[in-house]
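Only one structure is covered here, and it is reproduced in the block below.
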Amino acid sequence: MASFHDLSQDDQVERLRDVAVAALDAYSLTGARLEFVEYSNNLFFRVDAQEGRYALRVCRAGFDLGDLRRETHWLAALGSDTDLAVAAVLAADDGSLYVEAGAPGVPEPRYCVLFRWLEGRHLSDELTPAHLHSLGKYVGTLHLHSETYRPPEELLSEVWTGDTLAEDFPLEPFEAVYGASDITVIAGAVRRAGETMQAIGVGRKECGLIHTDLHQMNYMFDGVHARAIDFEAPSRMCYLYDIAVTLAYLRDMPMPMTYEVPRTLYDALAGAYYEGYAEARALPEQYAERVEILKTLKLLSVAQWIASSPNIRRMAWTERYVRELPGILRRLLDG
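Under the working numbering, the first residue of the sequence shown carries the number 4, and numbering increases by one thereafter.
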């Protein structure tokens, strides 16, 4: 049998489908049928059963169990404490909020989570200021909840501050790809992002548990009403980073999902987002300038993701991403 990591993406999906089938044995669903949805970092199937429609996530190998426990606890709290539309986790028959399953040809067991299906449409070039206003209000409400959310002590993670960015983004992987002038830009981005995070501070009004990955495939709309999915990478850090990620994917990320809008339209979308956010939660001082710098942190995080994931490096868009990264960092740093 061929090694799992040498398989094409389609062949990996077929083997992981067996993992999904094994995971569903832990749930009393009648006539469950699987339909492939997406495979990049994790694998998602839609599950249709007599009891309803669900989304099954087969987590990537090495998925952090602490993150999984934080995610499921946070989603439960958001569902009970707020009116935000979130994908509720369905407990297995034994009450567990996740299961571990394996299959022949897959080298390690995988954590699997079953979510209730959340209706909505992903939008990109159809986004309007009304959509971004709704999304901003949604995220502002999410952050307002985080100010007072207190998970169990064992689920608390360290606050990600600017102190460790030089360690979190070592230059060696970049030096294998870029010349000296580009390395100077990358090092400058790491330094400026760290200085910005330190200036923001780590108080409850400045930092809390955030989503960290609110791009177009992780938020949807029912009409113009926003809802978010894929809370898999919660982190305690500055709230402005969530805003920076969303706005970066509207204009600054050289990836297929990015809606590369003209500056005038971007300004209208960003302005509507900020207005919606402020309706739910006050924006801090210097928010717009700091968001622009924090965008560089997401750009560098995706570059690390490309370098660390063979599946992602196979994708055609990564060549363009690597090529354009230094120029985009220069533009953001220069304002």
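For glycine and all other residues, C-beta sits at the position ideal for the given N, C-alpha and C. These numbers come from a predicted model, not from an experiment.
To the nearest angstrom, how far is it from the Cα of Pro329 to the Cα of Thr249?
The residue given as residue 329 occupies position 326 in the sequence shown. The residue given as residue 249 occupies position 246 in the sequence shown. So the two alpha carbons sit approximately 20 Å from each other.
Quick one: give me the first and last residue of the alpha helix (DSSP H) that Phe177 is part of.
As a first step, residue 177 is located in the sequence shown; it is residue number 174 there, counting from the start. From DSSP, the alpha helix (DSSP H) with Phe177 extends over 175-178.
Just confirm the distance between the C-beta atoms of His218 and Leu145, as a whole number of angstroms; I'd bet it's less than 8 Å.
Within the sequence shown, the letter at position 215 stands for residue 218. Within the sequence shown, the letter at position 142 stands for residue 145. Not quite, the Cβ-Cβ distance comes to about 15 Å (not below 8 Å), so this is no contact.
For Lys208, count the other beta carbons within 10 Å of its own beta carbon; 16 or more makes it buried, fewer makes it exposed. Which is it?
Indexing the sequence shown from 1 puts residue 208 at position 205. Exposed is the call here.
What are the complete beta strand (DSSP E) segments, minimum 3 residues, inside the region 206-274?
The region 206-274 contains these whole beta strand (DSSP E) runs: 210-213, 222-225, 228-231, 238-241.
Taking 8 Å as the threshold (C-beta atoms), are Val109 and Leu19 in contact?
Position 16 of the sequence shown, counted from the first residue, corresponds to residue 19. Position 106 of the sequence shown, counted from the first residue, corresponds to residue 109. In contact: Leu19 and Val109 (Cβ atoms closer than 8 Å).
Can you say whether His8 is buried or exposed, counting buried as having 16 or more other CB atoms within 10 angstroms of its CB?
Numbered from its first residue, the sequence shown carries residue 8 at position 5. With fewer than 16 Cβ atoms within 10 Å of its Cβ, His8 is classed as exposed.
Does the pairing of the region 193-209 with the region 160-176 give three or more beta-carbon distances under 8 Å?
Taking 8 Å as the limit for Cβ pairs, the verdict is that the region 160-176 does touch the region 193-209.
Helix, strand or coil for Tyr290 per DSSP?
For the purposes of this step, residue 290 is taken as the residue at position 287 of the sequence shown. Tyr290 falls in the helix class under three-state DSSP.
Would you check if there are 3 or more beta carbon pairs closer than 8 Å linking the region 110-118 to the region 55-67?
Result yes; three or more Cβ-Cβ pairs closer than 8 Å.
What does the Cβ neighbour count give for Ser31, buried or exposed, with the cut at 16 atoms within 10 Å?
Against the sequence shown, residue 31 aligns to sequence position 28. Exposed, since its Cβ has fewer than 16 Cβ neighbours within 10 Å.
Can you list the alpha helix (DSSP H) stretches of 4 or more residues lying completely in the region 66-114, in chain order?
Runs of the alpha helix (DSSP H) inside the region 66-114: 68-84.
Looking at Gly143 and Gly226, is the spacing between their C-beta atoms short of 8 Å?
Counted from its first residue, the sequence shown places residue 226 at position 223. Counted from its first residue, the sequence shown places residue 143 at position 140. No, these two residues do not count as a Cβ contact at 8 Å.
Taking C-alpha atoms, which residue in Glu38, Leu100, Leu81, Asn44 lies nearest to Ala231?
Taking the first residue of the sequence shown as 1, we reach residue 231 at position 228. Of the listed residues, the one whose Cα sits closest to Ala231 is Leu81.
Grouping DSSP H, G and I as helix and E and B as strand, with all else coil, what is Ala52?
Counted from its first residue, the sequence shown places residue 52 at position 49. Strand at Ala52.
Rounded to the nearest angstrom, what separates Gly69 and Arg113 at their Cα positions?
Position 66 of the sequence shown holds residue 69. Position 110 of the sequence shown holds residue 113. About 14 Å.
Flag this pair as yes or no: are the beta carbons of Pro257 and Ile309 separated by less than 8 Å?
As a working mapping, residue 257 is identified with position 254 in the sequence shown. As a working mapping, residue 309 is identified with position 306 in the sequence shown. Not closer than 8 Å, so no.
Go ahead and label Ser6 buried or exposed: buried means 16 or more other beta carbons lie within 10 angstroms of its beta carbon, across all protein chains shown.
As a position in the sequence shown, residue 6 is number 3, starting the count at 1. The residue in question, Ser6, is exposed, as its Cβ has fewer than 16 Cβ neighbours within 10 Å.
What does the alpha-carbon distance come out to for the pair Phe177 and Tyr152?
Here the question's residue 177 lines up with position 174 in the sequence shown. Here the question's residue 152 lines up with position 149 in the sequence shown. Those two C-alpha atoms are separated by around 38 Å.
Helix, strand or coil, according to DSSP, for Ala192 in the structure here?
Here residue 192 refers to the residue found at position 189 when the sequence shown is read from its first residue. Ala192 falls in the helix class under three-state DSSP.
Beta-carbon separation of His148 and Asp216 under 8 Å?
One-based indexing of the sequence shown puts residue 148 at position 145. One-based indexing of the sequence shown puts residue 216 at position 213. Going by C-beta atoms, His148 is not nearer than 8 Å to Asp216.
Can Arg293 and Thr199 be called in contact, C-beta distance under 8 Å?
Residue mapping note: residue 293 aligns to position 290 of the sequence shown, counting from 1. Residue mapping note: residue 199 aligns to position 196 of the sequence shown, counting from 1. Closer than 8 Å, so yes.
CA-CA distance, Trp163 and Pro259?
To locate residue 163, count along the sequence shown from 1; it is residue 160. To locate residue 259, count along the sequence shown from 1; it is residue 256. For Trp163 and Pro259, the distance between alpha carbons rounds to 28 Å.
Would you mind sorting Thr267 into buried or exposed? The rule is 16 or more other CB atoms within 10 Å of its CB.
Looking up residue 267 in the sequence shown gives position 264. It is exposed - the Cβ of Thr267 has fewer than 16 other Cβ atoms within 10 Å.
Excluding sequence positions up to five away, which residues of its chain have a Cβ less than 7 Å from the Cβ of Ala88?
Within the sequence shown, numbered from 1, the residue matching residue 88 stands at position 85. Same-chain partners within the cutoff: Leu121, Arg230.
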